[in-house]
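Written out below as structure tokens is the structure these notes cover.
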Amino acid sequence: MTDTLPPVRLGKPDVGAAELAAVAAVVETGMLTMGPKVAEFEAEIAKACGTAHAVAVSSGTAALHLAVIALGLEPGDEVLVPAYTFPATANVVALSGLRPVLVDVDPVTMNVDPTKIEVGPKTKAMLAVHLFGRPARVEELPDLPLIEDAAGALGALHRGRPCGSLGIAGCFSFHPRKTVTTGEGGAVTTDDDEVADVIRQWRHHGWRPPTATDMPSPGLNYRIPDILCAIGIPQMQRLPELLAARTRIAAGYSERLQDLPVVLPEADAGDVHGWQAYVIQLDDRDRVLAALRAQGIEAQIGTYALHRLGAYRDQGPFPGASSVFERGMALPFHTSLTESELDRVTDAIRSLIS
Ligand SMILES: Cc1ncc(COP(=O)(O)O)c(C=O)c1O
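157 is the number of the first residue of the sequence shown in our numbering; add one for each residue after it.
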């Protein structure tokens with residue numbers, strides 16, 4: 157009887173004794189923020205991405221906001237943003253006094269469709285998303301300053317190069333549904349010394365670190381506490397292991413679902429997927445999603461078609477984004493999913509669509 161089985165969780169952070177001990181050690185020091193753990197965490201992130209700098213901040217949204225600010229654009233300038241993404245990607249552009257111009261996505265890759273891009277006189281930058289960890293084909297994008305929304309793409313490689321190192325700045329999230337988590341947290345990676353300086357300054361109210369005597373511009377408080385960085389350091393050290401476990405779970409789903417009429421997620425040949433989420437596409441998604449939930453299987457929609465939200469309603473239509481918004485379904489996805497849970501999820505899908 158499926159209704160007596162425990163729920164299959166959508167996400168479950170892979171944290172334990174090492175993270176707990178690291179938090180306790182920070183608490184002992186009494187230095188809860190802006191201590192040594194921030195720089196240590198940043199060094200791990202920069203090493204993983206192969207960039208000169210990583211600046212850790214309070215969330216993925218903060219990372220995106222500061223990266224957009226660091227572009228130094230003029231009010232009213234336009235930034236291209238995929239129409240299917242987590243809304244923060246566009247929100248940070250709008251809240252920086254710029255105009256997010258939506259671009260449709262390829263309904264198979266779920267990433268921006270380069271053939272749909274129109275560059276006008278006010279188009280000054282592009283924010284490309286490696287959605288759910290699938291590397292975007294950045295080489296097909298127009299020659300514009302590029303910010304990568306790599307929120308879910310830590311450890312992903314495009315043509316052998318780490319996501320987060322492919323543009324001016326890469327933005328990561330450490331929300332609990334991400335491969336590496338700090339609870340809340342984010343980071344900007346960059347090779348550009350000036351971009352890194354501007355972001356460090358804006359993260360800390362506008363003071364110019366480390367020995368601030370002047371505040372050249374107003375800033376924000378987007379700092380991340382040492383306590384959270386202490387969680388992030390052992391997580392980063394386990395990134396290869398965490399990503400391998402997620403890759404194994406993704407392969408387990410794909411093997412079980414391959415004969416069904418669903419679109420399975422994958423990366424381009426030769427790329428490494430970051431596997432933030434495992435999102436399939438299928439007909440009649442709402443019925444299947446509701447039935448899975450009724451069985452205790454915590455499936456979820458993929459993400460949002462921005463033109464179908466009040467804030468961005470005036471820019472449509474975007475058929476690719478509408479299609480994946482209606483058909484996308486994220487399956488339970490975390491490192492402690494068992495083979496029998498994979499069987500349970502995929503058997504349930506099979507019986508609902510066959
Ligand atoms: C593609 C994308 N961009 C940005 C964000 C925002 O990150 P955060 O929740 O850490 O602010 C997310 C979070 O889910 C995301 O998936």
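Note that CB positions come from ideal geometry on N, CA and C, so glycine has one too.
For the stretch 260 to 341, list the beta strand (DSSP E) runs that are entirely contained and at least 3 residues long, ordered along the chain. Taken in chain order, the unbroken stretches of beta strand (DSSP E) that lie wholly in the stretch 260 to 341 and span 3 residues or more are 279 to 285, 302 to 305 and 325 to 329.
Which residue's Cα is closest to the Cα of T459: V435, G430 and K280? Among V435, G430 and K280, the Cα nearest to that of T459 is on V435.
Assuming A210 and T345 are in contact, meaning their beta carbons sit under 8 Å apart, how far apart are those beta carbons, in whole angstroms? In this structure A210 touches T345 by the C-beta definition: roughly 5 Å separates them, less than 8 Å.
Would you tell me roughly how many angstroms separate the C-alpha atoms of A181 and F242, rounded to the nearest one? Going from the Cα of A181 to the Cα of F242 covers about 35 Å.
Are L254 and M282 close, meaning C-beta to C-beta below 8 Å? A distance of 8 Å or more separates the beta carbons of L254 and M282.
Which of the three DSSP states, helix, strand or coil, is assigned to T245? It is helical.
Closer than 7 Å to a non-hydrogen atom of ligand 1 - does that hold for the CB of F242? Flag set: Cβ of F242 near ligand 1.
Excluding the five sequence neighbours on either side, which residues of its own chain have a C-beta within less than 6 Å of the C-beta of T158, listed in chain order? Note that T158 scores 48 on pLDDT, short of 50, meaning its location in the model is unreliable and no value can be drawn from it.
How do the stretch 310 to 327 and the stretch 371 to 380 stand: do at least 3 beta-carbon pairs fall below 8 Å, yes or no? In short, these stretches do not touch, since the Cβ pair count stays below three.
On a Cα-Cα basis, can you pick out the residue from Q437, I405, A195 and V419 that is closest to S496? The closest CA to that of S496, considering only Q437, I405, A195 and V419, is found on I405.
Please report the distance separating the alpha-carbon of T279 from that of G476. C-alpha separation (whole angstroms): 22 Å.
Assigned exposure category for Q261 - 16 Cβ within 10 Å defines buried: The question names Gln, yet the displayed sequence has Val at residue 261. It is buried - the Cβ of V261 has at least 16 other Cβ atoms within 10 Å.
Assuming R356 contacts P365 under a Cβ cut-off of 8 Å, what Cβ separation, rounded to an integer in Å, is found between them? Their Cβ separation, rounded to whole angstroms, is 5 Å, which keeps R356 and P365 in contact under 8 Å.
For V194 and N267, I'd like the C-alpha separation in whole angstroms. When the Cα atoms are used, V194 and N267 turn out to be separated by approximately 32 Å.
What number of angstroms, rounded off, separates the C-alpha of L416 from the C-alpha of R506? Counting only the Cα atoms, R506 lies some 7 Å from L416.
Is the stretch 169 to 185 touching the stretch 382 to 390, taking contact as three or more C-beta pairs under 8 Å? A contact between stretches requires three or more CB pairs, one per stretch, nearer than 8 Å, and the stretch 169 to 185 meets this requirement with the stretch 382 to 390.
By alpha-carbon positions, which one of D442, D427, F489 and A400 ends up nearest to A433? Nearest C-alpha to A433: F489.
Look at the Cβ atom of P256, then the Cβ atom of V235, and state whether they are nearer than 8 Å. Contact: yes.
Select from G232, L322, A174 and L398 the residue whose C-alpha is nearest the C-alpha of G276. Its Cα nearest to that of G276, the residue G232 stands out among G232, L322, A174 and L398.
Which residues in the same chain as D503 place their Cβ atom closer than 8 Å to its Cβ, once the five residues preceding and following it in sequence are excluded? Exclusion of the five residues before and after D503 leaves no residue of its chain whose Cβ lies closer than 8 Å to its Cβ.
Measure the C-alpha to C-alpha separation of T491 and P291 and round it to an integer number of angstroms. About 21 Å.
Have a look at G172, V480, H463 and A199 and flag the residue whose alpha-carbon is nearest the alpha-carbon of L438. Nearest of G172, V480, H463 and A199 to L438, Cα basis: V480.
Does the distance from the C-beta atom of W431 to that of I225 stay below 8 Å? For W431 and I225, no; Cβs fall outside 8 Å.
Check the DSSP bridge columns for V224 and list the partner residues they point to. DSSP lists no partner for V224.
In DSSP terms, what P256 is bridged to: For P256, which the question treats as bridged, DSSP gives the partners V235.
Proximity to D348 [Cα-Cα], best of W363, G320, Y468 and D499: Comparing Cα positions, the closest option is G320.
Got a sec? Which residues, its chain only, sit under 7 Å from P390 by beta carbon, not counting five neighbours each side? Taken in chain order, the residues that qualify are A174, E175 and A178.
Going by the C-beta, is A292 closer than 7 Å to any heavy atom of ligand 1? Taking non-hydrogen atoms of ligand 1 into account, the C-beta of A292 is found less than 7 Å away from none of them.
Contact check, L395 vs A204 under 8 Å by CB: the rounded distance? Taking the Cβ atoms as the reference, L395 lies roughly 6 Å from A204, within the contact range of under 8 Å.
Grouping DSSP H, G and I as helix and E and B as strand, with all else coil, what is E495? DSSP places E495 in helix when its eight states are reduced to three.
Where does G388 sit, in a helix, a strand or coil, going by DSSP? Here G388 sits in helix by DSSP.
Give the DSSP-derived three-state secondary structure of V354 in the structure shown. The answer is helix: DSSP assigns V354 an H, G or I state.
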